[in-house]
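Here is the structure we will look at.
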Amino acid sequence: MHTLAIFFLVLPLCQGELFPVAARFILPGYRYPPGSPWPHPRVWGNTSELVTLNPSNFLLTSNTDCDVITGAIDRYRPLIFIDPDAVVSSDLVAIPSLTIQVLTDEHCTLFPQLDSDPDYEAYTLDIPSSGGAKVEAKTIWGALRGLETFSQLVWTLKDDNGNSFAVANVTKIEDKPRFPHRGILLDTARHFLTVETLKRNLDAMAYNKFNVFHWHLTDDQAFPYQSQVFPLLSEKGAYTQRHLFRQDDVREVMEYARLRGIRVIPEIDSPGHTHAMRKGHPELLTACYGDGVNPGTPDYPNHADREVLDPSKNSTYEFMKTLFQELKDLFQDKFLHLGMDEVKHACWESSPEIQNFMTENGIQDYSQLEQYYINRHVAMIQGLGSRYISYQDPIELGLDLGDALVQVWKDGELGGEFSSWQDYMMMVTGKGYQVIFSSCWYLNYISYGEDWRRYYECDPTNFPGTEEERSLVVGGEAAVWGEFVDGVNLEARLWPRASAVAERLWSDPVDVLGNTDDALFRIHQHRCRMLRFTSWFFWSFWFDEREVTNSNFAGEE
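With mature numbering (1 follows the signal peptide of the UniProt record, and there is no 0) as the guide, the letters of the sequence shown map in order to residues -16 to -1, 1 to 541.
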């Protein structure tokens, strides 16, 4: 006989509480108090002493008028005082203000970038037993992270009469991220995602201290990016003319991300994953000889009618140069993602034109032909003054990616030469490449139950390389590919699973690597916070009724 666990989701005034019908299991692990932050700060001095805040006159001020900070102050006030019934407690000392002190606002007019400075996003936070609270940071980006943490430290205390009071524990925090690259990949090609959906998830990323939106713009299925220099790409390649990202849409997303300290890195994959480009520009792609005689004939499932860019034509590289120049000017980040994964050679193998080109240029095999494309494509990107990211696939073929930042995505389950992601990390870092890690964090592959634990337990430096090789890991990304994900189920797949990844990338592993039972209480709190901020329906936890209603959690839950 199977026991059916039924959950009620109650959202009074956007406050989420989950109650199982029958409480049978006491949650294990350390019971963190209300107002426990996520991700875990590097140094978190938390006391049991409480202070109170008056929502009606609490001051949020800064020494800078930078729009990133002034906008954040306006945005965070309703998040800090999310409970509309909370008032100041007459039994506690009231702190009157939070002051945000930024040492330099030189980044104010700039977009955030990958920076090796360990203090680029660092901050300190002090909630004293009397007087005003303070966030101090070297940069505006660190100040944003500190303000996010402060918003999480404020919680609602309820007395026996049902009155609500805005309170915080006396706290000192010194914090900075473990890795400078902490990203989410969203795929807008397999299923279109609206600008509003992207913005909602940028908000959620900010709540979790992610700082990179990896925008997988195009793929075989669709080309929704509206290029001004090559308008036929989207006119013919988008699903419909309602499913487009226009230039102004991109700028809107870019600005929304900038104000939250988030980089936006565009990806247009090549030479594979380009089937949608053929609709507007068939001349770019290799004409496949599926019947062995006629160009442009498919041989399913080996290849379509036209598949993979044609590396034999100079016009291919000129086209890509013009397209990527437009991307560079529009997206503002120092990096462009070039994809370069899963290049299938069958179409090249079928083409007599490709074979003649290889003979004329002394190219011995199709891996060398792929290297030829990579060399020319990378040289073009470098000529534009951009740095570039590539998936790991070319390295598996023994190819050279120059000074690429390499995204490792494979493990035994996702295919490839090796049985574990650790082997891939050893291979890539052993060749001296800096790495973005994603292998454990494909969130479109989910399972029943609390699967956030396996994402939390995966550490990108947990491979048997040297200390120098492990130091080449600059961060990681949680990826949500869109074959079966759209705007309806995206948030339920992504959050709070991605929150587990966020803590792994932000927090010191000494503090958080071990016991997921201890993390359980804080991620419960964090999920409830995020529910209050939004109208989303996230994937849910098993809650014990006795834990939810226990007075230790009455303020938070």
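Even for Gly, the Cβ is constructed at its ideal location relative to N, Cα and C.
Keep in mind it's a predicted model, so treat the numbers as computed, not measured.
query = Taking Cβ positions, are A241 and Q205 nearer each other than 8 Å?
reply = The Cβ atoms of A241 and Q205 lie no closer than 8 Å to each other.
query = Rounded to the nearest angstrom, how far is the Cβ of K312 from that of M364, given a contact under 8 Å?
reply = Going by Cβ atoms, the distance from K312 to M364 rounds to 11 Å, so no, they are not a contact pair.
query = Less than 7 Å between the CB of V412 and some heavy atom of the ligand FMN, yes or no?
reply = The ligand FMN is absent from the structure shown, which contains no ligand whatsoever.
message = Our contact map puts W479 next to A260 with C-beta atoms below 8 Å; I'd like the distance itself, whole angstroms only.
response = Distance from W479 to A260 at the Cβ level is roughly 29 Å; contact not present, criterion being Cβ atoms closer than 8 Å.
query = In the structure shown, what three-state DSSP assignment does Y191 receive?
reply = Note: Y191 maps to helix in three-state DSSP.
key: Beta-carbon separation (whole angstroms), V237 vs E461, contact threshold 8 Å   = That belief does not hold up - the Cβ atoms of V237 and E461 are roughly 17 Å apart, past 8 Å.
request  = Report yes if the CB atom of P295 is closer than 8 Å to the CB atom of Y357, and no otherwise.
outcome  = Yes, the pair counts as a contact, with Cβ atoms nearer than the cut-off.
task = Would you mind reading off the limits of the beta strand (DSSP E) that contains T343?
result = In the DSSP assignment, T343 falls outside any beta strand (DSSP E) and within the unbroken alpha helix (DSSP H) covering 336 to 344.
Cβ-Cβ distance between L128 and A152 below 8 Å = The answer is no: Cβ separation not under 8 Å.
query = Around the C-beta of Y417, are 16 or more other C-beta atoms found within 10 angstroms, so that it is buried, or is it exposed?
reply = Around the beta-carbon of Y417, 16 or more other beta-carbon atoms lie within 10 Å, marking it buried.
task = In the DSSP assignment, find the alpha helix (DSSP H) that holds S299 and state where it starts and stops.
result = Element bounds for S299: 298 to 315.
message = With three or more C-beta pairs closer than 8 Å as the rule, is the stretch 212 to 223 touching the stretch 481 to 493?
response = Pairwise C-beta distances place the stretch 481 to 493 out of contact with the stretch 212 to 223, as fewer than three of them are shorter than 8 Å.
ask   = Would you report the Cα separation of D203 and I507, rounded to the nearest angstrom?
value = Whole-angstrom Cα-Cα distance: 34 Å.
ask   = By Cβ distance below 6 Å, which residues in the same chain neighbour R371 in space, the five residues on each side in sequence not counted?
value = Counting only Cβ-Cβ distances below 6 Å, and skipping sequence neighbours, we find K318, F319.
ask   = Helix, strand or coil for Q225 per DSSP?
value = It is coil, neither helix nor strand.
query = If you draw a straight line from the alpha carbon of V390 to that of P164, how long is it in whole angstroms?
reply = If I take the Cα positions, the gap works out to 15 Å.
query = Is it buried or exposed for Y408, if we count other Cβ within 10 angstroms and need 16 for buried?
reply = Label assigned to Y408: buried.
inquiry  = According to DSSP, is D283 part of a helix, a strand, or is it coil?
reply    = Of the three classes helix, strand and coil, the one that applies to D283 here is strand, per DSSP.
CA-to-CA distance, L76 to G130, given in whole angstroms = Using only the alpha carbons, I get a separation of about 24 Å.
inquiry  = Pop quiz: L268 and F303 are said to be a contact at Cβ under 8 Å. What is the actual Cβ separation, rounded to whole angstroms?
reply    = Confirmed, Cβ separation roughly 6 Å.
ask   = By how many angstroms is the C-alpha of E337 removed from the C-alpha of D275?
value = Those two C-alpha atoms are separated by around 15 Å.
key: Whole beta strand (DSSP E) elements within the stretch 154 to 205, 3-residue minimum   = Taken in chain order, the complete beta strand (DSSP E) segments of 3 or more residues contained in the stretch 154 to 205 are 165 to 171, 196 to 200.
request  = Mind reading off the beta-carbon distance from Y191 to E105? Whole number of angstroms is fine, and I expect it under 8 Å.
outcome  = Contact flag wrong, Cβ pair sits at about 15 Å.
inquiry  = What does the alpha-carbon distance come out to for the pair V494 and S254?
reply    = Approximately 40 Å between the Cα atoms of the pair.
task = Keeping to the same chain, check which residues put their C-beta closer than 7 Å to that of Y375; ignore five residues upstream and five downstream.
result = Only G323, M324, D325, Q391, W393 meet the Cβ criterion.
task = Please state whether DSSP places A476 in a helix, a strand or coil.
result = Secondary structure of A476 (DSSP, three-state): helix.
task = Would you mind reading off the limits of the alpha helix (DSSP H) that contains Q391?
result = Not the alpha helix (DSSP H): Q391 falls in the beta strand (DSSP E), residues 389 to 392.
inquiry  = Just checking: is the beta-carbon of D143 within a distance shorter than 8 Å of some beta-carbon in chain C?
reply    = In the displayed structure, chain C is absent; only one protein chain is listed.
key: Secondary structure, alpha helix (DSSP H): runs of 4+ residues fully inside the stretch 85 to 151   = Segments of the alpha helix (DSSP H) lying fully in the stretch 85 to 151: 124 to 137.
inquiry  = DSSP three-state label for G323, please.
reply    = The answer is strand: DSSP assigns G323 an E or B state.
Spatial neighbours of W405 in its chain, beta-carbon cut-off 6 Å, leaving aside the 5 residues before and after = Excluding positions up to five away in sequence, the list reads D395, S423.
message = Are the CB atoms of S81 and F42 within a distance shorter than 8 Å?
response = Closer than 8 Å, so yes.
ask   = What residue range is occupied by the uninterrupted alpha helix (DSSP H) comprising D51?
value = Here the alpha helix (DSSP H) through D51 covers 51 to 64.
ask   = How should P62 be labelled, buried or exposed, when 16 other C-beta atoms within 10 angstroms of its C-beta is the threshold for buried?
value = When all chains shown are included, P62 counts as exposed.
ask   = Taking buried to mean at least 16 other C-beta atoms within 10 Å of its own C-beta, is F468 buried or exposed?
value = By the neighbour-count rule (16 or more Cβ atoms within 10 Å), F468 is not buried but exposed.
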